[in-house]
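Colleague: According to my numbering, the sequence shown is numbered sequentially starting from 41.
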Amino acid sequence: MQKINIIDAARHVEEEVEIGAWLTNKRSSGKIAFLQLRDGSAFFQGVVVKAKVGEEVFELAKELKQEAAIKVVGIIHEDKRSHFGYEIEVTKIIEIGSSDEYPITPKEHGTDFLMDHRHLYLRHQKPFAIMKIRNELIRATYEFFNKEGFTKLDAPILTGSAPEGTTELFETDYFGQSAYLSQTGQLYAEAGAMAYGKVFTFGPTFRAEKSKTRRHLTEFWMIEPEMAWTTQEESLVIQEKYIAFLVQNVIDHNAYELKLLDRDIDILRKYTQLPFPRLSYDDAVTLLKDNGFDVEWGVDFGSPEETFLANHFEKPVFIINFPKAIKAFYMKRHPSRDDVVVSADLLAPEGYGEIIGGSERDTDYEYLKERIEEQGLSLAEYQWYLDLRQYGSVPHSGFGLGLERAVTWITGTEHIREAIPFPRTLNRLRP
Ligand code: 4AD
Ligand code: MG
Numbered sequence: 041m042q043k044i045n046i047i048d049a050a051r052h053v054e055e056e057v058e059i060g061a062w063l064t065n066k067r068s069s070g071k072i073a074f075l076q077l078r079d080g081s082a083f084f085q086g087v088v089v090k091a092k093v094g095e096e097v098f099e100l101a102k103e104l105k106q107e108a109a110i111k112v113v114g115i116i117h118e119d120k121r122s123h124f125g126y127e128i129e130v131t132k133i134i135e136i137g138s139s140d141e142y143p144i145t146p147k148e149h150g151t152d153f154l155m156d157h158r159h160l161y162l163r164h165q166k167p168f169a170i171m172k173i174r175n176e177l178i179r180a181t182y183e184f185f186n187k188e189g190f191t192k193l194d195a196p197i198l199t200g201s202a203p204e205g206t207t208e209l210f211e212t213d214y215f216g217q218s219a220y221l222s223q224t225g226q227l228y229a230e231a232g233a234m235a236y237g238k239v240f241t242f243g244p245t246f247r248a249e250k251s252k253t254r255r256h257l258t259e260f261w262m263i264e265p266e267m268a269w270t271t272q273e274e275s276l277v278i279q280e281k282y283i284a285f286l287v288q289n290v291i292d293h294n295a296y297e298l299k300l301l302d303r304d305i306d307i308l309r310k311y312t313q314l315p316f317p318r319l320s321y322d323d324a325v326t327l328l329k330d331n332g333f334d335v336e337w338g339v340d341f342g343s344p345e346e347t348f349l350a351n352h353f354e355k356p357v358f359i360i361n362f363p364k365a366i367k368a369f370y371m372k373r374h375p376s377r378d379d380v381v382v383s384a385d386l387l388a389p390e391g392y393g394e395i396i397g398g399s400e401r402d403t404d405y406e407y408l409k410e411r412i413e414e415q416g417l418s419l420a421e422y423q424w425y426l427d428l429r430q431y432g433s434v435p436h437s438g439f440g441l442g443l444e445r446a447v448t449w450i451t452g453t454e455h456i457r458e459a460i461p462f463p464r465t466l467n468r469l470r471p
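What follows is the structure, encoded as structure tokens:
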């Protein structure tokens, strides 16, 4: 007999198979029991008919508790009424791991309770669907950048520098000296781009964010491509192509998960249509003012402003050329203006805000040295970075996609804590 996963049921209709599963819920009468099963690949129903399986198997089925682990033998049938389309007519059950008083009962639970039990909650339908889509985004990311000729470069997590500002640093002791958990792999990616042309990093990054919002984690995963001989214009084309590729792959490979989440595929399809609009920061401020927002040139946009801008276009939108004063030191100066940099933030519609931040990088040794000093950063820590400008410096650009922001947006999830297996936020370090 063949051991299968639930997700492959369609290929085994009217065959007898074995499945290793857990019981998520159950309903029974005197003659028939409906077992809701999951095996990590999908969720479906097992039907146990007393008249067919006999007293013993039927009694076992009735006594199983939520999250009991069982080996189920049975025959796969099509079942047009179910969300999944197939079910198993159970002939045999072996209990492998019992379960008692599983805390996440089928009733409604509050967010704190679910997050305190995240190690168990991961088993349930919503986290299941989100994590499968997260996995698809990671898979598609590797496919995209490999196809485009990028080399994956692993940046260190323990670093001596603070390129994205010194206020949001996690500091730790490194054999008597200070080390910081990496805020970004970018500076290392720049070294990589000068060595291998086009690279991308993908790893955890850390920001001691004191803000409690739907969009901030203190530990999040970032994909940071960096490209030598590439202007910001060329970088924007790669960025939108990458985002459209991610969304298209989720549409193509995660129909089941999107259905579990009730995510409208027609909305997602709009996000695969290129190009994405580009709007200068100047024009964004004007547009916001015209629509009643109280914003002044020079401020960073908050969540209401970002939401308005992306919804206005019903597509992700690039806001380009931000004020220099609110952006990182490495961003390239605008060729004809001193107050803005050659940067872009990509804002996602439906209220999800910034999903990508990126820029062309300044190539001038003296200018960068000045900016580093101006920001109160230690020159000694950045000497290696300045070396990149001393030995064969070329125009280059890059960007960072926050994986959890992308997951939250594409899955249509309310809060970013749902987009990572074990979220770290201001108030949460466990489990
Ligand atoms: O805009 P940020 O700070 O840019 C950088 O770190 C650059 N070094 C990227 C680069 O050019 N290589 O962060 C990039 C992205 C944001 O657009 C957002 O999606 C995500 O990282 N991000 C966060 N995600 C979750 N929680 C947080 N606290 C985040 N901070 C940034
Ligand atoms: Mg940013």
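Just so it is clear, CB atoms sit at the ideal spot from N, CA and C, and this is done for glycine as well.
No experiment lies behind these values; they were computed from the predicted model shown.
Can you say whether Val447 is buried or exposed, counting buried as having 16 or more other CB atoms within 10 angstroms of its CB?
Modeller: Val447 is buried by the Cβ-count criterion.
Colleague: Return the chain-ordered ranges of every beta strand (DSSP E) run that is complete within the segment 72-146 and spans a minimum of 3 residues.
Modeller: Listed in chain order, the complete beta strand (DSSP E) runs (minimum 3 residues) inside the segment 72-146 are 72-78, 83-89, 109-118 and 126-137.
Colleague: Give me the Cα-Cα distance between Pro389 and Met41, rounded to the nearest whole angstrom.
Modeller: Rounded to whole angstroms, Pro389 to Met41 spans 49 Å at the Cα level.
Colleague: Select from Asn65, Asn45 and Leu428 the residue whose C-alpha is nearest the C-alpha of Ile59.
Modeller: Nearest of Asn65, Asn45 and Leu428 to Ile59, Cα basis: Asn45.
Colleague: Got a sec: is the Cβ-Cβ distance from Leu193 to anything in chain D below 9 Å?
Modeller: Checking the listed chains, one finds no chain D in this structure; it contains a single protein chain.
Colleague: Got a sec, what are the start and stop residues for the beta strand (DSSP E) Gly398 sits in?
Modeller: Gly398 -> beta strand (DSSP E) spans Gly393 to Glu400.
Colleague: Between which two residues does the beta strand (DSSP E) carrying Leu443 extend?
Modeller: Leu443 -> not in any beta strand (DSSP E); alpha helix (DSSP H) instead, spanning Leu443 to Thr451.
Colleague: Residues in the same chain with beta-carbon distance under 8 Å from Lys252, minus the five sequence neighbours each way, listed in chain order, please.
Modeller: Excluding residues within five positions, the ones whose Cβ falls inside 8 Å are Thr465, Leu466 and Asn467.
Colleague: How far does the alpha helix (DSSP H) with Ile460 in it reach, from first residue to last?
Modeller: No alpha helix (DSSP H) holds Ile460; DSSP gives it neither H nor E.
Colleague: Report, in whole angstroms, the separation of the C-beta atoms of Ile291 and Arg309, which I expect to be a contact under 8 Å.
Modeller: With 8 Å as the limit, Ile291 and Arg309 qualify as a contact, their Cβ atoms being about 7 Å apart.
Colleague: Just grab the DSSP bridge partners of Trp62 for me.
Modeller: DSSP output for Trp62 lists Arg78 and Ala109 as bridge partner(s).
Colleague: Sorted by chain position, which residues of the same chain lie with C-beta nearer than 6 Å to Asp152's C-beta, five sequence neighbours on each side aside?
Modeller: Once the five neighbours on either side are set aside, Asp152 has no close Cβ partner at all.
Colleague: From Gly442 to Ser138, what distance separates their C-alpha atoms?
Modeller: Approximately 39 Å between the Cα atoms of the pair.
Colleague: With a threshold of 8 Å, establish whether the CB of Glu394 neighbours any heavy atom of the ligand MG.
Modeller: At least one heavy atom of the ligand MG is nearer than 8 Å to the Cβ of Glu394, so yes.
Colleague: In chain order, what residues of the same chain lie with their CB nearer than 8 Å to the CB of Glu55, ignoring the 5 residues before and after it?
Modeller: Excluding residues within five positions, the ones whose Cβ falls inside 8 Å are Gln42, Ile115 and Ile116.
Colleague: For Gly332, count neighbouring C-beta atoms within 10 Å of its own C-beta (all shown protein chains included) and say buried if the count is 16 or more, exposed if not.
Modeller: Flag for Gly332 reads exposed.
Colleague: Is it the case that the segment 178-191 contacts the segment 396-405, given that we only count it when at least three CB pairs across the two stretches are under 8 Å?
Modeller: With a cut-off of 8 Å, the segment 178-191 and the segment 396-405 do not count as touching, because too few Cβ pairs lie within range.
Colleague: So the alpha helix (DSSP H) Val287 belongs to, where does it begin and stop?
Modeller: Start and end: Gln272 to His293.
Colleague: Following the continuous alpha helix (DSSP H) through Pro363, name the residue where it begins and the one where it ends.
Modeller: Element bounds for Pro363: n/a, residue is neither H nor E.
Colleague: Locate the alpha helix (DSSP H) running through Phe341, then write down its first and last residues.
Modeller: Unbroken run through Phe341: none, as it is neither H nor E.
Colleague: At which residues does the beta strand (DSSP E) containing Leu386 begin and terminate?
Modeller: Leu386 -> beta strand (DSSP E) spans Ser383 to Ala388.
Colleague: Please state whether DSSP places Ala202 in a helix, a strand or coil.
Modeller: In the structure shown, Ala202 sits in coil (DSSP, three-state: anything other than H, G, I, E or B).
Colleague: Taking the straight line between their C-alpha atoms, what separation do you get for Val381 and Asp213?
Modeller: Each residue's Cα considered, the two are about 35 Å apart.
Colleague: Quick check: what's the CA-CA separation for Glu259 versus Glu413?
Modeller: Their backbone Cα atoms lie some 28 Å apart in a straight line.
Colleague: Regarding His256 and the ligand 4AD, is the C-beta to nearest heavy atom distance less than 8 Å?
Modeller: Yes; taking the cut-off as 8 Å, the Cβ of His256 has a heavy atom of the ligand 4AD nearer than that.
Colleague: I believe Ile173 touches Asn294 by the beta-carbon criterion, under 8 Å. Please report the beta-carbon distance rounded to the nearest angstrom.
Modeller: Confirmed, about 5 Å.
Colleague: May I have the straight-line CA-CA distance separating Asn65 from Glu444, to the nearest angstrom?
Modeller: About 30 Å.
Colleague: What whole-angstrom Cβ distance do Glu148 and Leu104 have, given they're in contact under 8 Å?
Modeller: At roughly 23 Å, the Cβ-Cβ gap does not stay under 8 Å, so Glu148 and Leu104 are not in contact.
Colleague: Are Ser218 and Thr245 touching if we call contact CB-CB under 9 Å?
Modeller: The answer is no: Cβ separation not under 9 Å.
Colleague: How many angstroms separate the CA atom of Ile197 from the CA atom of Thr131?
Modeller: Going from the Cα of Ile197 to the Cα of Thr131 covers about 52 Å.
Colleague: Does the distance from the C-beta atom of Val287 to that of Pro315 stay below 9 Å?
Modeller: No, Cβ-Cβ distance for Val287 and Pro315 is not below 9 Å.
Colleague: State the start and end residues of the unbroken alpha helix (DSSP H) segment that holds Arg174.
Modeller: From DSSP, the alpha helix (DSSP H) with Arg174 extends over Gln165 to Lys187.
Colleague: Near Val53, which residues of its chain fall below 8 Å by C-beta distance, leaving aside the five closest residues on each side in sequence?
Modeller: Hits under 8 Å: Ile116, His117, Glu118 and Tyr126.
Colleague: At a cut-off of 8 Å, is Asp119 close to the ligand MG when judged by its beta-carbon and the heavy atoms of the ligand?
Modeller: Result no, Cβ not under 8 Å from the ligand MG.
Colleague: What are the start and end residues of the beta strand (DSSP E) that includes Gly243?
Modeller: From DSSP, the beta strand (DSSP E) with Gly243 extends over Lys238 to Phe246.
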